[in-house]
Amino acid sequence: AQKVTQAQTEISVVEKEDVTLDCVYETRDTTYYLFWYKQPPSGELVFLIRRNSFDEQNEISGRYSWNFQKSTSSFNFTITASQVVDSAVYFCALSVYNAGNMLTFGGGTRLMVKP
Amino acid sequence: DSGVTQTPKHLITATGQRVTLRCSPRSGDLSVYWYQQSLDQGLQFLIQYYNGEERAKGNILERFSAQQFPDLHSELNLSSLELGDSALYFCASSSQGEGRMRNTEAFFGQGTRLTVV
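Keeping their order, the protein sequence lines are chains A and B. Using this note's numbering, read the first sequence as starting at 1312 and increasing by one per residue. Using this note's numbering, read the second sequence as starting at 529 and increasing by one per residue.
What follows is the structure, given as structure tokens:
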């Protein structure tokens, strides 16, 4: 079975601070996929990124960056120079190659960015 | 806008009743998924359909059922409702990748907030 752990339930920062959201996953499958989703106060789930287990490079998209470390089974998400609009609940999720495309979600991290 | 449409957005009903939630996937997506988000269980996968056929089942109660129609829209039926069924129900859809890229990202609708009173 798969498991995703987001140990930080809530983080509060002041605008312009950098913040890292942690995600640790467990799976016995060698081919798997990791995702981050954002859930703003309005409630919808917004896809942010997918990382394949067989891709080594990390990714940067504007103020967002993701650090995939197979050795520690982690897929952390960093927001640089946070903004109030980044306030949301962020979910890390995992799917595996031989089990359909269903997602196992972590418990989420609520990020509050204060002006 | 993800392209996934769910109706209704809000639903209030009494215990013991039956409701139907509806989902239209993104254009071209053959896979539809249903997820339940509740305070105590978090986000949980319920069921997946691919081109009209059930593909995978998660923690879906026997009182719940779903189907995907030839036009690819899907419905989730919840019956004999209990207070504990109050939750946000999400539908998602995805395209079908190939080979090792088979698992693709799912795009979620805005959800249906179900309140059972």
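Ideal Cβ placement from N, Cα and C applies to all residues, glycine included.
Report all residues from its chain with a CB closer than 7 Å to the CB of residue i; omit the five preceding and five following residues, and keep chain order.
| i | result |
| --- | --- |
| Phe1386(A) | Cys1334, Tyr1336, Leu1345, Arg1362, Trp1377, Phe1379, Cys1403 |
| Pro536(B) | Thr640 |
| Gln569(B) | none |
| Leu571(B) | Tyr563, Gln565 |
Please say whether residue j and residue i have beta carbons closer to each other than 8 Å?
| i | j | result |
| --- | --- | --- |
| Ile1322(A) | Leu1414(A) | no |
| Phe635(B) | Gly531(B) | yes |
| Gln1317(A) | Gly1411(A) | no |
| Asp1329(A) | Ala1399(A) | no |
| Asp1340(A) | Tyr1408(A) | yes |
| Leu642(B) | Val560(B) | no |
| Leu558(B) | Tyr578(B) | yes |
| Val645(B) | Ile575(B) | no |
| Glu1326(A) | Pro1426(A) | yes |
| Gln565(B) | Leu609(B) | no |
| Ser1364(A) | Asn631(B) | no |
| Val1395(A) | Val1357(A) | no |
| Thr1342(A) | Arg628(B) | yes |
| Ile1360(A) | Arg1374(A) | no |
| Gly623(B) | Gly580(B) | The displayed chain sequence assigns Ser, not Gly, to residue 623(B). No. Outside cutoff. |
| Leu1332(A) | Gln1319(A) | yes |
Give the interface partners of residue i over in chain A, defined as CB-CB distance under 7 Å, in chain order.
| i | result |
| --- | --- |
| Gly639(B) | Gly1354, Glu1355 |
| Arg583(B) | Gly1411 |
| Leu571(B) | Phe1402, Phe1416 |
| Gln596(B) | Result: empty, since nearest Cβ-Cβ is about 14 Å, beyond 7 Å. |
| Gly586(B) | Met1413 |
Can you pull the chain A residues whose beta carbon is under 9 Å from the beta carbon of residue i, in chain order?
| i | result |
| --- | --- |
| Leu616(B) | Gly1354 |
| Gly531(B) | Residues of chain A passing the Cβ test: none, with the nearest at roughly 11 Å. |
| Ser622(B) | Asn1412 |
| Gln576(B) | Gly1411, Asn1412, Met1413 |
Excluding five sequence neighbours on each side, which residues of the same chain lie with their C-beta closer than 6 Å to the C-beta of residue i?
| i | result |
| --- | --- |
| Phe592(B) | Leu606 |
| Phe573(B) | Tyr563, Gly586 |
By the criterion of Cβ-Cβ separation under 8 Å, what are the contact partners of residue i in chain A?
| i | result |
| --- | --- |
| Thr632(B) | Arg1361, Asn1412 |
Under 7 Å between beta-carbons, which chain B residues line up against residue i? List them in chain order, please.
| i | result |
| --- | --- |
| Gly1278(A) | As shown, chain A starts at 1312 and ends at 1426. That puts residue 1278(A) outside it, with no answer to give. |
| Ser1384(A) | What Ser1384(A) touches in chain B: nothing, since even the nearest Cβ is about 18 Å away. |
For residue i, which residues in the same chain have their Cβ closer than 8 Å to its Cβ, ignoring the five residues on either side in sequence?
| i | result |
| --- | --- |
| Asn1369(A) | Ser1376, Trp1377, Asn1378, Phe1379 |
| Gln1350(A) | Leu1356, Val1357, Ala1399, Val1400, Tyr1401, Phe1402, Gly1419 |
| Ser614(B) | Ser566, Leu642, Thr643, Val644 |
| Ala657(B) | Residue 657(B) cannot be examined here, being either before or after the span of chain B that is shown, 529 to 645. |
Listing by chain order, which chain B residues have their CB less than 8 Å from the CB of residue i?
| i | result |
| --- | --- |
| Phe1358(A) | Ser530, Glu633, Ala634, Phe635, Phe636 |
| Phe1365(A) | Arg628 |
| Ser1406(A) | Asn631 |
### Task
Would you check if there are 3 or more beta carbon pairs closer than 8 Å linking the stretch 548-557 of chain B to the stretch 576-587 of chain B?
Cβ pair count under 8 Å is below three, so no.
### Interface positions of the stretch 1315-1349 of chain A facing chain B (Cβ-Cβ less than 9 Å), listed along the chain
The stretch 1315-1349 of chain A vs chain B, Cβ under 9 Å: Thr1342, Tyr1343, Tyr1344, Phe1346, Tyr1348.
### Near-chain A residues of the stretch 549-573 of chain B - C-beta to any C-beta below 9 Å
Within the stretch 549-573 of chain B, the qualifying residues are Ser559, Tyr561, Tyr563, Gln565, Gly570, Leu571, Gln572, Phe573.
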